[in-house]
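A.B. asks: Line by line, the protein sequences give chains A and B. 47 is the number of the first residue of the first sequence in this note's numbering; add one for each residue after it. 47 is the number of the first residue of the second sequence in this note's numbering; add one for each residue after it. Note that CB positions come from ideal geometry on N, CA and C, so glycine has one too.
2 protein chains.
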Amino acid sequence: MKTKYLAIYNEISKQIKSGELLPDSLLPSENELTDIYHTSRETIRKALNLLSQDGYIQKIRGKGSVVLNVNKFDFPVSGLVSFKEISQKLDNQVRTIVNELSLEKPSQSMKKQMQLSSTDLVWKIVRTREFDGQKVILDKDILVQNLIPNLTKEICADSLYHYIEKELNLTIGFAKKEIVVVEPTDEDRELLDLEGFSNVVVIKSYAFLDDATLFQYTESRHRPDKFRFVDFARRNH
Amino acid sequence: MKTKYLAIYNEISKQIKSGELLPDSLLPSENELTDIYHTSRETIRKALNLLSQDGYIQKIRGKGSVVLNVNKFDFPVSGLVSFKEISQKLDNQVRTIVNELSLEKPSQSMKKQMQLSSTDLVWKIVRTREFDGQKVILDKDILVQNLIPNLTKEICADSLYHYIEKELNLTIGFAKKEIVVVEPTDEDRELLDLEGFSNVVVIKSYAFLDDATLFQYTESRHRPDKFRFVDFARRNH
DNA sequence: GAGTGGTCTAGACCACTGT
DNA sequence: CAGTGGTCTAGACCACTCG
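1. Within the 8 Å Cβ cut-off, does A:Phe121 reach chain B?
2. For chain B, check one thing: does any of its Cβ atoms lie closer than 8 Å to the Cβ of A:Pro270?
3. Does the stretch 255 to 268 of chain A come close enough to the stretch 187 to 197 of chain A to have 3 or more Cβ pairs within less than 8 Å?
4. Kindly say whether B:Ile218, judged by its beta-carbon, lies nearer than 8 Å to any beta-carbon of chain A.
5. Please determine if the stretch 172 to 180 of chain A and the stretch 210 to 219 of chain A are in contact, where contact requires at least 3 C-beta pairs separated by less than 8 Å.
6. Would B:Asn245 count as contacting chain A if we go by Cβ distances under 8 Å?
7. With 16 as the cutoff for other CB atoms within 10 Å, does A:Asn245 come out buried or exposed?
8. Looking only at C-alpha atoms, which of A:Ala279, A:Asn77, A:Ser251, A:Val247 sits nearest to A:Asp271?
9. Counting contacts by CB-CB distance shorter than 8 Å, is B:Gln262 in contact with chain A?
10. Helix, strand or coil, according to DSSP, for A:Ile183 in the structure here?
11. On the DSSP bridge list, what partners appear for B:Tyr331?
12. Return no unless some Cβ of chain A is closer than 8 Å to the Cβ of B:Val281.
13. If we define contact as Cβ-Cβ less than 8 Å, is B:Val276 a contact residue for chain A?
14. Taking buried to mean at least 16 other C-beta atoms within 10 Å of its own C-beta, is A:Gly101 buried or exposed?
15. Can you say whether B:Gln104 is buried or exposed, counting buried as having 16 or more other CB atoms within 10 angstroms of its CB?
16. Please state whether DSSP places A:Gln61 in a helix, a strand or coil.
17. Can you tell me whether B:Asp277 is buried or exposed, with buried defined as 16 or more other CB within 10 angstroms of its CB?
18. What does B:Tyr55 touch in chain A if you count any residue whose Cβ is under 7 Å from its own?
19. Determine the direct distance from the alpha carbon of B:Leu94 to that of B:Lys109, and round the result to whole angstroms.
20. Could you work out which residues of chain B lie near A:Phe177, taking near to mean beta carbons separated by less than 9 Å?
21. Counting contacts by CB-CB distance shorter than 8 Å, is B:Glu224 in contact with chain A?
22. For A:Gln154, go through chain B and note every residue whose CB falls closer than 8 Å to its CB, in chain order.
23. Can you list, in chain order, the residues of its chain with a C-beta nearer than 8 Å to that of A:Met156? Leave out the 5 residues immediately preceding and following it.
24. Could you tell me which of B:Lys130, B:Leu255, B:Asp70, B:Tyr55 sits nearest to B:Leu114, measuring between CA atoms?
25. Per the contact definition of three or more C-beta pairs closer than 8 Å, is the stretch 137 to 153 of chain B in contact with the stretch 198 to 206 of chain B?
26. Measure the beta-carbon distance from B:Leu238 to B:Arg281 and round it to whole angstroms, keeping in mind my assumption that it falls under 8 Å.
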């Protein structure tokens, strides 16, 4: 919120989410917005481009910026969002069970993928997520100990990302994710309430810090009926 | 390719994809790039921001722009890409079967969602995608006839998006997508080679033109073992 | 301290839309 | 035609990294 264009982005996106700005209506023109916010046109355009990227508006040359219907899809799970952040938006009964927390020597393939030296250790975390009393998500995390020296079960039960960003003051930058559907493993059957489902949805994710160092590998294994992924995509440049 | 910053984006992304620029190396600084491309710094920054959005580089304040490893994930299916475009990147034996092409009155829910007047008709298309002789994807499309007046089985067997963009000269803007896993319908069992799989992955997609008009609803139903979704995501603003 | 990327400005010209 | 968004410029100041 320190920068002008982010402040403008937040202000306008809030107005769209609250319904103060209606779908299919036009925003004030860029020139009008420069007056409203006492700033230059390029700064306004930075804010509007962010809104466009995130699916709030569509800019149309010669006409203006149209407000898009944001609420058709109730909650976007796209982007890089932690479980804690998602569960706060839901009002479900949500509980996290920490099944395992240990410091281990990484496997050969992990060592290579994470570019670790031979003495580096990794945290291994296994957590179950319970919605309305049902165990529907199994999260398996590998974290580089170099970057995250201390971990406790309490931190894992609360929010890893909150701890990393707020306590350790690291900045999470980006992630590469892959979604596939596979047959459940014995571990899946043991730790999840699969109820006869013969597949699980697996989200494999490599998460990187601001400075492009890999700090986390996650496999998030979902019972298929409780899985949902929502995305907003723009066409090629 | 008409604009400077897109030309620079294409040039640098090509160098990264080809391996001419190596992962973990630094790009020339923004000031150096202004000299190399004979342009202003803001134009260079537009190109670099695009590269950053698309996962090619990571910008680090005080240091420079690091080239990221693009090939770890072989082919990104994220964004808004047609089946034809994907299949051209694969060297698979790929075939499209047009099961149905008809002009219909829209269902009540479609009429509402697509904001159609009561006389509007929609195209209904059902297509099966065959990889290596196996029917693994079922695509069900609804298209607004107002916008796409004429359709033939030949167009559907080739590429809808190519026809819409190149023949009709419409510009596809953005899409909202949702991925869920469900039990197969009778139609799925009939038209796909499910081979005992008890789930299908469904990608529901609303596609919009440049001017924010909805023109297409698609359900793309995949056999789970042939489904794969790859995504690059940046953390919150 | 020199060099990096991040923000912001004021102004210019263009392509497109509506009337 | 006037008004819209799209591109591009030249310059300024700041926050950060690294030796």
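C.D. replies: So, from the data block:
1. Confidence is the limiting factor: at A:Phe121 the pLDDT is only 49, short of 50, which leaves the residue's position unreliable and the question unanswerable from this model.
2. Yes, A:Pro270 lies at the interface with chain B (some Cβ there is under 8 Å from its Cβ).
3. The stretch 255 to 268 of chain A and the stretch 187 to 197 of chain A touch, with no fewer than 3 CB-CB distances between them shorter than 8 Å.
4. Yes, because at least one Cβ of chain A sits closer than 8 Å to the Cβ of B:Ile218.
5. Too few Cβ pairs lie closer than 8 Å, so no.
6. So, interface residue.
7. The residue is buried, with at least 16 neighbouring Cβ atoms inside 10 Å.
8. From the listed residues A:Ala279, A:Asn77, A:Ser251, A:Val247, the smallest Cα separation to A:Asp271 is found for A:Val247.
9. False, the Cβ-Cβ gap to chain A never drops below 8 Å.
10. Shown here, A:Ile183 sits in a strand according to DSSP, grouped into three states.
11. Residue numbering for chain B in the displayed model covers 47 to 283; residue 331 of chain B lies beyond these limits and cannot be assessed.
12. Checking the sequence, you will find Arg at residue 281 of chain B rather than Val. Any Cβ of chain A closer than 8 Å to the Cβ of B:Arg281 would place that residue at the interface, and such an atom is present.
13. With a threshold of 8 Å between beta carbons, B:Val276 makes contact with chain A.
14. So A:Gly101 ends up on the buried side.
15. B:Gln104 counts as buried, since at least 16 other C-beta atoms from the protein chains shown sit within 10 angstroms of its C-beta.
16. Looking at A:Gln61 - three-state DSSP - the assignment turns out to be helix.
17. Classification of B:Asp277: buried, given that the 10 Å Cβ count is 16 or more.
18. Chain A residues near B:Tyr55: His283.
19. About 14 Å.
20. In chain order: nothing, as chain B lies at least about 16 Å away.
21. It does; some Cβ of chain A falls within 8 Å.
22. The premise fails here: A:Gln154 is roughly 17 Å from chain B at the closest Cβ pair, so nothing lies under 8 Å.
23. Around A:Met156, the same chain offers Leu162, Val168, Ile188, Tyr263 as residues with beta carbons nearer than 8 Å, after the five sequence neighbours per side are excluded.
24. Checking every option, the nearest Cα to that of B:Leu114 belongs to B:Asp70.
25. Verdict: yes, contact present.
26. Contact flag wrong, Cβ pair sits at about 38 Å.
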